Structures are given as C-alpha cells and as structure tokens.
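Working notes, beginning with the structure itself.
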Amino acid sequence: MQRKKNYYTTITRRLIITFFLLSVVPIIGFAWIMKDTVEETNIIKLKELATSTIEHREEVISRFLHEKINLLSMLTNLYSPEYFATPANVERLFFAMNPTGNIVDLQVIDASGRQQAYVGPYRSMIEGKMYQDALWFKETLLSGVHISDVFAGYRNTPHFVVAVTDPLKTYVLRATINSSIFNSLLHSAQLGPSGDAFIINHSGEFQTPSLQNATELSDIEKRMISFKRDSESIVTDTDVYVTRSIDEGKWLLVLKARFSDSLDYYLQIRNRILVIVIVISVLSMAAATYTSTSLTRKLEQSDREYASINQQIVQVEKMATVGRLAAGIAHEINNPLQMITSLAGWTKELLPDENPETVKHLSEYEETITKIQYHVKRAATVTHRLLGFSRKMSAEKEQVDINNLLNETISFLSNEAQNNNITIKQNMDSELPRTMTDGPQLQQVFFNILNNSIDAIGQDGAIVITSRLDASNIYIEMVDNGPGFSPEAMKKVFDPFFTTKEPGKGTGLGMSICYDIMQKLGGSIDIRNGQQRGAIVTLTVPVVSSSTASIS
Amino acid sequence: MNFTVLIVDDEQDFREITGKHLARQGIECLTAESGTEALKILQGKHAIDVVLLDIKMPGMDGIECLKKIKEQHPLIEVIMLTGHASVDSGIQGMKLGAFDYLMKPIEIGPLAEKLADAYQKRKAHKDKIEMAMVKQNMNRPF
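Structure follows, in structure tokens:
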C-alpha cells in the first residue's frame, strides 16, 4: 500500500517537474536572451556615446593646441629675430595675444640657450637661466615645434609648454600655457557620475587630473590602454574605454564610462522581465501541480479499476477452468460412484437371502453397505456441487419475493443460530417488488452466506440482514460481527476449494457456487470487511418484471 | 408391475448389476452396450416399454440414439442417464422427448421408481391408443 502510494507520489513529482520545466525553461531562456540583448544594447549605445564625445573633445583640444602653435609660428614669421630680442616688444606681444589669460608667460631664448626676454610672473626665478642642455630646447631647434608634458615646474600649477623656432633657427619662442583649460574641457566630457576623462602621456602619467581623483592608472588600465590601440574602444566587465591620440601621438585622451551609470533603463527592463518570469513560474507551478495531481489521481483511479477488472477476469477465468475441469472429471468420477452404489445396493439386496446362522457378521455387512451407500452419496454431493448443477440448473425463472425467500432461509438456520446464541436481525424493505429469478438457487446463495456467517461467529453474535431497492436492483446486505476476512482469505474467497473451516467441515465450494449463481442470475456478489470487525456481503439482484422476461 | 426396460450403457458391470437388480424387483431387463445395438433390439420382437439411455457412449452417443428411437418408436419412453453433468445435454434430451434426466450415481430405488413413472406414462398412452382402436373397431360396420 505504502509502496503504491510512493509510486504515485513519484509520478506526481516527476510530472510536476516535467510540466514546470517545460513551461518555465523556454521563458527563462527567452528572458535570458532579452537580458543579454538589453545589456549588449546598453554597451553599444554607451560606446557610441563615448566615441562621439571623445571625437568632439579631441577636436577641441587639438584645435586649441594648434591655435597656440600657429600663433607662435605666425609671430616668428611676422617679426624679425631682432624684434624678439627686445623685452619691451615681447611684453607687447604677450599682452596682445593673451586676452583670456591662458598663456602664463612668454619667453625668448637665443640659439645658444640664453634667455633673451621673459614676460610673466616668474621673472625673478628664471632670470639668467641657460637652456642649451634642456631636451625640450634641443627638440624645438631640431623639429621646429615642441609641446611638453604637463608639469608643475617652478610655478607649482599644472601647465605645459609650447615652443617654436623661427625658420632660421636663430631663437626659440616659448609659451607656458595653463593646463587647467583642459580640465574644464574634460569635465564636460564626463559620462555619468562614475565616468572619467583624462589625458595621459606615453608613460601613462596623468596630464590632467582624473575626475575620479585617481592618481595613476589602475593595473588593468595600464595593460589595456595603449597608444597603439588608439581609436579603439575597450570593453571590460564594468567599463567602456575610448581613446584618441592628440598632438600627433604625444598625448592620449581617455574617456571612461561605467555601464552601471547608464543602467537605469536596463534595470527597469530587467526587473520587468524578472517579475514576468516569477509570475509565469508561479502560474506554471500551480498549473503543473494541479494538472499532475489530477492526472495522477485519474491514473490511480483507472489503475484501481483495471486491477479490479483484472481480478474479476482472473476470477471468471478460474471459474471457467474449474468448470471445464470439473465437467471433464465428473463423468470419470460419477461412473465409478454409480458402480459402487449399484454393487453395494445389489449386495444389500441379496444379503437377506443369507442364512443368519451361517453368515456370522450379517448385520455388520448390512451396516457396512449402508455406510458405503452413505459415503457414495456424500461423494456424489461433492461432484454435483462441484459442478454447481443439480437438475434445477436449467435456471427456471419465476416470480420471486426475495423477502419471503430470506425469511424462509432464516427459518432453516434459526435453530442453529439460537443454539449458538446468535441473533438474526431483519431489516427488510417491505416495498420490494417481485422479480423474475431462480428462487431455489438464490436461496442456496442466502443459505451458504448465512451458514458461513454463523460458522464465522461461532458463539454469541449478531447477523443483520437488510434488503433495499434502487432504480433497477434489489440489494441484500448481510452483516455479521464475526472476525471478518483476513486479506489472504479476502483474495481467495471465491476460489473453489478454498475454505477456512476445519478439514472435513467445508468443501470450499459454497462461496464459489454463490459467485457462479449470482453471475448466472445477472446479479453480483460483493464481500468486504466491516470498519470495526465482521464481514459485509452485498448481493445485487436485478429487478426483472415478468413482461420484460417474456419479451426477452 | 411388469414391464420391460432396455438398459443402454457402455459399461458392462453397470448393465449386468442393474439388470439383475431390476429383474429382482419384477422389471424385465434387456441390455445393449451401444446405441446401434439398442436400435437393433428395438427393431426386434421384444416389446420394450422404457429405455434407460446413457448419454456419453463411444460411437453413437445418447442424444443421437434418443433422436432415432423417438423417430422410430415415438411411444417408447426414454430416461437419460449420465455421469456427465452437462445441463445442455439434459435440456436437449428433454426437448427431444426424453421422459426425464438422471444424474449418476443413482441408487436402485429411485431409479426403479423413475422407470415405473415412465412406464405409467407409456401405459397410459398405450391404453389411450388401444381404447381408440377399440372404439374404431366398434364403429366398424359388421
């Protein structure tokens, strides 16, 4: 029983899991793809935004630098070297070109590296300084133009230097430019609160302060950001980087944007998807549970029906086999029985002719013959009952009052019941109609069942007999308060030769004959145990009116 | 009561004992071991009143034999006797005009009674016919 229960629980569980997975897996897969798509879209959009921003900034910064270089170059072209040798001239130029204050100072150095003129706030510090060994000075003389890295220098503010030389390379014109102008340009390029924009040189040093107050590049950034990969966008797990080289590859403008800053929209969609997935999962779970449970219940029910039908079929087959077997052997047994009884009868017939004087045991012989005949009769009863057929088996149907039949049967057994202190209560429906059936056979069924009940109770008990009617059947219920059937006995109760009685007391044919008769009469017999104890036998007899019977 | 019975059974012991036993009760007995032999005897000069006929026999079985007997001698009563408890053959036998249907084993007493019953029927029938014949004879103009 427990095993069966476990079996159905397993089926239910498997069905639930299968149904649930079948409905939820595609949804989760779809949601996953949606999530990835949204995420990718976010990255692509961010990359596009970063690219367009950096392009614009790079252009502005480059233009700014070119402007300064062009300005200085133009001055060297406009004026003669002698003009720059005069500090007053340089001062005039400085004021003329620096209305915004971007240029911190302006310096003129001759080809030998000696300072010729200086206009700016740090005159005292630089006075008389020699530059012939400075790298930037040499580079300027060599390539005509120099832009330095950003440094604090004497001035202790970040700045950088733009230097040009005249075509004849007789002097160098050098302007120091406040690099904070870049800071404001980069500030407006910031994408999101965690975004960053800065300029680095070849050694990876910050040329402008990081907007996130970083002092140097992180290890990952150092590895990924390179001048060679200029213009590429680099995507990490958390950020997207875009870079552009400025000033012919001297500096690298880096724009960093964090995905999470632009996630708001994405998160909203993701949450919506999550909610949908959860709702669908819950609904699927409920549907799967409901479907599986009801399916299993139906399966269990049909299994039970099948088992009971199967049992019936087995029973019918068994009866048929026994019937065939019995019919086959009956002749073989009945013929010798006939011979025994005939020979015994003949001997009995002749015995009185003997002289009692000469036959010593005459009375013994007579007695023995009588016993032989008695036992042949007993054997014949068994073979006849085994076949279940007396001459009445031609099933002559007549109008039968079932209540009367019951009363009559009870009267046969009332003595035995009284002797064993067993009360038989009757609870008959007085409105029962008469029905066309075989009375004597039905009576045999009643008799067998009641007889078994009395035997089962033994001493002191009660049998309740109820008859009732529904639309097309009469039900006769016989309930006793005996020990009931053991599960083993319940299985075999209709088997021929199965008996729980002492050897010699029962043939084991009674209930199997009852079964056979009820089948033949178009009714049924059902046996079960009472809730507390005892057995309940329910007989069903179809109500057939005489008119229907004659038509059929 | 004096009448003649033909016992038809393939078992010799049965024929012998039953024959002797019935004879002792004043019933004259003839025996046949098969249907064919029984029909032959019936054709002969012996007047048979009742046939005790076993159903299950080798060769011609009881039912077939019964059919022939009833065809040829409709007035002879037949009692079917069998150890084979087939309802169908019993019913068939009754439909074919057997007087009754008996199950083996049967003691001599009830058997003799049944045979006597059959003879009574046969006799009543015979008397009726004889009476009719007498009446017919009486009506005949001299």
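Chains as they are written, first to last, in the numbering used here: chain A, 87 to 638; chain B, -3 to 138. Built from N, CA and C at the ideal position, the CB exists for glycine as well. Note that the structure is predicted; figures quoted are calculated from it, not measured.
- Rounded to the nearest whole angstrom, the CA to CA distance from E144/A to A275/A is 10 angstroms.
- Taking the Cβ atoms as the reference, T469/A lies roughly 6 angstroms from N420/A, within the contact range of under 8 angstroms.
- Residue burial is scored here from C-beta neighbours: N92/A has fewer than 16 other C-beta atoms within 10 angstroms and is therefore classed as exposed.
- Between D9/B and chain A, the shortest Cβ-Cβ separation is below 7 angstroms.
- The DSSP assignment places 319 to 321, 325 to 332 as complete runs of the beta strand (DSSP E) inside the segment 293 to 340 of chain A, in order along the chain (cut-off: 3 residues).
- Remark: three or more beta-carbon pairs, one from each stretch, lie closer than 8 angstroms, so the segment 58 to 67 of chain B and the segment 24 to 32 of chain B are flagged as touching.
- Residue contact check for E103/B against chain A: a CB pair falls below 7 angstroms.
- Considering only beta carbons, the part of the segment 420 to 434 of chain A lying closer than 8 angstroms to chain B consists of N420, N421, L423, Q424, M425, I426, T427, S428, L429, G431, W432, in chain order.
- In the three-state DSSP reduction, V445/A falls in the coil class, being neither helix nor strand.
- Per DSSP, the beta-bridge partners of M216/A are R200/A.
- Contact between T0/B and H69/B is ruled out by a C-beta separation of about 13 angstroms, above the 8 angstroms threshold.
- In the three-state reduction of the DSSP assignment, Y561/A falls in the strand class.
- M216/A is classed as exposed because its beta carbon has fewer than 16 other beta carbons within 10 Å across all chains shown.
- Under the Cβ distance rule, I51/B does not count among the residues neighbouring chain A, no pair being separated by less than 7 angstroms.
- In this structure, N567/A keeps its C-beta atom at 7 angstroms or more from the C-beta atom of T626/A.
- For R89/A, there is no enclosing beta strand (DSSP E); the residue is found in the alpha helix (DSSP H) stretching over 88 to 164.
- Pairwise C-beta distances place the segment 298 to 313 of chain A out of contact with the segment 357 to 368 of chain A, as fewer than three of them are shorter than 8 angstroms.
- Following the DSSP letters along the chain, one finds L277/A in no beta strand (DSSP E), marked with neither H nor E.
- For L297/A, same chain residues with a beta-carbon under 8 angstroms away, outside a window of 5 residues either side, are L272, H273, Q276, G281, D282, A283, F284 in chain order.
- If you compare the alpha carbons of D123/B, I104/B, N135/B, M127/B with that of G22/B, the shortest gap goes to I104/B.
- When rounded, the separation of the alpha-carbon atoms in S428/A and T14/B is 7 angstroms.
- Every beta strand (DSSP E) of 3 residues or more that sits fully in the segment 513 to 575 of chain A is shown, in chain order, as 521 to 523, 547 to 555, 559 to 566.
- According to the DSSP assignment, Y208/A belongs to no beta strand (DSSP E), since it is labelled neither H nor E.
- Within the segment 26 to 106 of chain B, complete beta strand (DSSP E) segments of at least 3 residues are found at 46 to 50, 73 to 78, 96 to 99, given in chain order.
- By the criterion of at least three beta-carbon pairs nearer than 8 angstroms, the segment 222 to 229 of chain A is not in contact with the segment 122 to 132 of chain A.
- Residues of the segment 438 to 458 of chain A that bring their beta carbon within less than 8 angstroms of a beta carbon in chain B are absent altogether.
- When the alpha-carbon of L259/A is set against those of T509/A, M597/A, N156/A, N501/A, the nearest one is in N156/A.
- In this structure, the alpha-carbon of Q201/A lies about 10 angstroms from that of Q218/A.
- Under the three-state reduction of DSSP output, F583/A falls in the coil class, being neither helix nor strand.
- In the structure shown, S266/A adopts helical secondary structure according to DSSP, grouped into three states.
- Interface with chain B (7 angstroms Cβ-Cβ cutoff): V468/A is excluded.
- For H17/B, the chain A residues whose Cβ falls inside 9 angstroms of its Cβ are S428, G431, W432, E435, in order along the chain.
- Take the alpha-carbon of N505/A and the one of K463/A: they are about 28 angstroms apart.
- Residue pairing by DSSP places D389/A opposite no residue, since no beta bridge is assigned to it.
- The count of Cβ pairs closer than 8 angstroms, one atom from the segment 160 to 172 of chain A and one from the segment 242 to 254 of chain A, reaches three, so the stretches are in contact.
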